[in-house]
Amino acid sequence: MSRFFLLVFVFLFVFSYVSDNTVHAEAHNETDNIVFTEYYNPDANIIISNYYDNYIEILSSALENAELPKNISDNIKLNIDSDTAFINSLFIIMESDPYLWVLVDKVRPLSADYEPQDLIRLSNSSYRVNRADLYLRKIAELSLDEMASAAREEGLTLIVISAYRTYGYQADLYARYVSQMGQREADRVSARPGHSQHQLGTTVDFNSISSTFATTRESRWLTANASRFGWSLSYPQGFEHITGYIWESWHYRYVGKDLAEFIDKYFEGIQQYALRFIHEYINIFNISAD
Ligand SMILES: [Zn+2]
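The opening position of the sequence shown corresponds to residue 292 in our numbering, with each subsequent residue numbered one higher.
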């Protein structure tokens, strides 16, 4: 183990000694469904007492279990060996709201009764809304406002056409797709109930649910800028075999600036890879999301 790691562990040990109670008390209050014990938060106490010797092994196992492309996982291993930037970023992300990084995909659903507690109703401001009953979590709305203002300065208008969806709404929506196109095609374009990122209250469909959206200036601006504001394209072009969904150039999930940067820097911009890695990482600490 290099001197870098020793330094970071010593720092974290001191930091955690000072701030232990307050940090964890807050974490308990901020989350509802997820049991956010300190195990979630792989900080100094846990690492030093239990995992000091095999922390790097844990990271390697998580990388392996996430079944990432070899170049991505090799590159991360190289980073882990050479400095602490990757680990530092991971620690910061794990201290954020778990619903920013929880994996919600074809095989890992949210519970049917998960409902964010801080939804706010959207209305026309820096962004536009195409109907009155659209809601987002506060944390996502704040960032959306910041992002839409920046887009506006370049003469572009971001329109929210879909945001928070309840489990029940998604069940109806999915059933409608199935009746229109059959289950196999429906599964390519729509999530089954519980499996939609829209249930998180942090996900937005922008402007137009159409493949032509990708050719617009708004779409190109989002591609180039969204991650600066903490937004990540969930279903990129050419990744249906990874995400399970066709390219959705309009569908962005708010993950926070730290995670968005982490995705770009280490996972070639592929959100699914990064969230799968985090999912496998917390699995090793024996944590479930409910
Ligand atoms: Zn969507």
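Ideal Cβ placement from N, Cα and C applies to all residues, glycine included.
Source: prediction; values computed, not measured.
Check	Outcome
For Gln528, which residues of its own chain have a beta-carbon under 6 Å away from its beta-carbon, when the five flanking residues on both sides are left out?	Trp538
Would a C-beta distance cut-off of 8 Å place Val451 and Leu413 closer than the cut-off?	yes
Could you say which of Thr494, Thr375 and Asn516 lies nearest to Leu410 if we only look at CA atoms?	Thr494
List in chain order: all unbroken beta strand (DSSP E) runs of 3+ residues lying wholly within the stretch 462 to 523.	494 to 497
How would you call Ser402, buried or exposed, if buried means at least 16 neighbouring beta carbons within 10 angstroms?	exposed
Less than 8 Å between the beta carbons of Asp549 and Ile384, yes or no?	yes
Where do the N-terminal and C-terminal ends of the beta strand (DSSP E) with Tyr543 fall, by residue?	His542 to Tyr545
Excluding five sequence neighbours on each side, which residues of the same chain lie with their C-beta closer than 6 Å to the C-beta of Glu531?	Ile537
Please look up how many angstroms separate the CB atoms of Leu427 and Gly492, rounded, as I've assumed it's under 8 Å.	6 Å
If you drop the 5 nearest sequence neighbours on each side, which residues of the same chain put their C-beta closer than 6 Å to that of Thr534?	Tyr526 and Gln563
Please write down, chain order preserved, every residue whose beta carbon lies under 5 Å from a heavy atom of ligand 1.	Asp496 and His542
Among Ala357, Ser481 and Arg419, which residue has its Cα nearest to the Cα of Lys397?	Ser481
Give every residue of the same chain whose Cβ lies closer than 7 Å to the Cβ of Lys429, excluding the five residues on either side of it in the sequence, and list them in chain order.	Asp409 and Ile411
So what does Ser453 bridge to, in DSSP terms?	Asp496
Which residue wins for smallest C-alpha separation from Ala431, given the options Tyr545, Arg483, Arg422 and Ile573?	Tyr545
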